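Participant: Below you'll find the structure I mean.
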Amino acid sequence: MSVIELRQVSKAFRGVSLLEEVSAEFARGQIHGITGPNGSGKSVLFRLICGFMSPDHGQVLIDPTYQKSPGGYPQHFGIIIDRPGYLAGRTGYENLQRLAEIRGDISSEQIRQAMEAVGLSPDTRQKVRRYSLGMKQKLALAQSFMEHQQVLILDEPFNALDDRSTAQVRELLLTFKAQGRTILLTSHNPEDIRRLCDSVWKIEDRQLKQGALTDLASSATSPIVEKESEV
Ligand SMILES: Nc1ncnc2c1ncn2[C@@H]1O[C@H](COP(=O)(O)OP(=O)(O)OP(=O)(O)O)[C@@H](O)[C@H]1O
Ligand SMILES: [Mg+2]
Numbered sequence: 009m010s011v012i013e014l015r016q017v018s019k020a021f022r023g024v025s026l027l028e029e030v031s032a033e034f035a036r037g038q039i040h041g042i043t044g045p046n047g048s049g050k051s052v053l054f055r056l057i058c059g060f061m062s063p064d065h066g067q068v069l070i071d072p073t074y075q076k077s078p079g080g081y082p083q084h085f086g087i088i089i090d091r092p093g094y095l096a097g098r099t100g101y102e103n104l105q106r107l108a109e110i111r112g113d114i115s116s117e118q119i120r121q122a123m124e125a126v127g128l129s130p131d132t133r134q135k136v137r138r139y140s141l142g143m144k145q146k147l148a149l150a151q152s153f154m155e156h157q158q159v160l161i162l163d164e165p166f167n168a169l170d171d172r173s174t175a176q177v178r179e180l181l182l183t184f185k186a187q188g189r190t191i192l193l194t195s196h197n198p199e200d201i202r203r204l205c206d207s208v209w210k211i212e213d214r215q216l217k218q219g220a221l222t223d224l225a226s227s228a229t230s231p232i233v234e235k236e237s238e239v
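Going by the working numbering, the letters in the sequence shown line up with residues 9 to 239, in that order.
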């Protein structure tokens, strides 16, 4: 069974239609890439999937394994859409610790491992208000998977990351996939999609169209999924 299914989902804002009767299924254990121009509705689609927003028509179905009650918050989802409300006067570690206390109970060692996995030092005393854009992005990534969330909904996960960090996070996502976790991500970089994704979808003319990975730029000369070597 698919982890997420969209059934004829429509969404409009102030009479302007964004998505019209969109249907799609996202299979478990795969990486699914969503592309589309600015303003086409990628972030809105992710908010609908996470239940932060309701469709005007249609249904968003989540595999009950990942959801306590129908329509409720999917507990096993790790999400980056809007940046979490960090406490600017606290360190990155303290912020993650606070989120972990709210949502469940993971050990301090797990928080440290998540930070290290994205190249953040858990021991740095630097407050989040002094974090660079890339560091904030890494903190958002760490919170999305630190509790071993099985479904990751990542809106532009590579935003603001330098080349080395991009390679590191790509490797990490492939490791998560190998563990059987399911990932939906958006990116404006065809290279991210080409290297990571098992399926690619494009929002076009208010529809979500499944595309061929081979249509992506520069895919002609390299295999679709290729492990990064420069980590
Ligand atoms: N809560 C809202 N109320 C009104 N309009 C909204 C709301 N959320 C999004 N929109 C509009 O929906 C459209 C799609 O927005 P969305 O953020 O999903 O685009 P996107 O594909 O993620 O773009 P980008 O590539 O720039 O991130 C935009 O025109 C946006 O202004
Ligand atoms: Mg967006």
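We treat Cβ as the ideally placed atom computed from N, Cα and C, and that holds for glycine. Just so it is clear, the structure is predicted and the values come from calculations on it, not from any experiment.
With DSSP as the reference, label Gly86 as helix, strand or coil.
Facilitator: One-based indexing of the sequence shown puts residue 86 at position 78. Gly86: strand per DSSP, three-state reduction.
Participant: For Ile211, which residues does DSSP report across the bridge?
Facilitator: As a working mapping, residue 211 is identified with position 203 in the sequence shown. Partner(s): Leu216.
Participant: Between Leu169 and Gln134, how many whole angstroms is the CB-CB distance? I'm expecting something under 8 Å.
Facilitator: Counted from its first residue, the sequence shown places residue 169 at position 161. Counted from its first residue, the sequence shown places residue 134 at position 126. In fact, because the Cβ distance is near 18 Å, the residues do not count as touching under 8 Å.
Participant: Please identify the residue among Gly93, Lys19, Asn46, Lys185 whose C-alpha is closest to the C-alpha of Asp206.
Facilitator: Working through the sequence shown from its first residue, we reach residue 206 at position 198. The shortest Cα separation from Asp206 among Gly93, Lys19, Asn46, Lys185 belongs to Lys185.
Participant: Can at least three beta-carbon pairs, one atom from the stretch 80–97 and one from the stretch 148–164, be found at a separation below 8 Å?
Facilitator: At 8 Å Cβ cutoff, the stretches touch.
Participant: When the Cα atoms are used, what is the spatial distance from Glu124 to Leu180?
Facilitator: Counted from its first residue, the sequence shown places residue 124 at position 116. Counted from its first residue, the sequence shown places residue 180 at position 172. The straight-line gap from Cα to Cα measures roughly 11 Å.
Participant: Kindly identify the DSSP beta-bridge partner or partners of His65.
Facilitator: Locating residue 65 in the sequence shown gives position 57, counting from the first residue. Answer is Ser18.
Participant: Considering only heavy atoms of ligand 1, list every residue whose Cβ is less than 5 Å from one of them, following chain order.
Facilitator: Having a Cβ closer than 5 Å to some heavy atom of ligand 1 are Phe21, Asn46, Gly47, Ser48, Gly49, Lys50, Ser51, Val52.
Participant: Which class does Phe166 belong to by DSSP, given the choice of helix, strand or coil?
Facilitator: For the purposes of this step, residue 166 is identified with residue 158 of the sequence shown, where counting begins at 1. Coil at Phe166, not helix or strand.
Participant: Taking C-alpha atoms, which residue in Val126, Asn103, Leu162, Phe153 lies nearest to Leu53?
Facilitator: The count along the sequence shown starts at 1 and reaches residue 53 at position 45. Nearest of Val126, Asn103, Leu162, Phe153 to Leu53, Cα basis: Leu162.
Participant: Go ahead and label His65 buried or exposed: buried means 16 or more other beta carbons lie within 10 angstroms of its beta carbon, across all protein chains shown.
Facilitator: Counted from its first residue, the sequence shown places residue 65 at position 57. By the neighbour-count rule (16 or more Cβ atoms within 10 Å), His65 is not buried but exposed.
Participant: Quick one, which of Ser31, Val11, Gly188 has its alpha-carbon nearest Lys19's?
Facilitator: For the purposes of this step, residue 19 is taken as the residue at position 11 of the sequence shown. Looking at the Cα atoms, Ser31 is the closest of the given residues.
Participant: Got a sec? Which residues, its chain only, sit under 6 Å from Tyr101 by beta carbon, not counting five neighbours each side?
Facilitator: Residue 101 sits at position 93 when you count from the first residue of the sequence shown. Counting only Cβ-Cβ distances below 6 Å, and skipping sequence neighbours, we find Pro130.
Participant: Can Thr174 be considered in contact with ligand 2, in the sense that its beta carbon sits closer than 8 Å to one or more heavy atoms?
Facilitator: Numbered from 1 along the sequence shown, position 166 holds the residue referred to as residue 174. False, no ligand heavy atom lies under 8 Å from that Cβ.
Participant: If you run the structure through DSSP and keep just helix, strand and coil, what is Ala175?
Facilitator: Residue numbering aside, residue 175 sits at position 167 when the sequence shown is read from its first letter. Ala175: helix per DSSP, three-state reduction.
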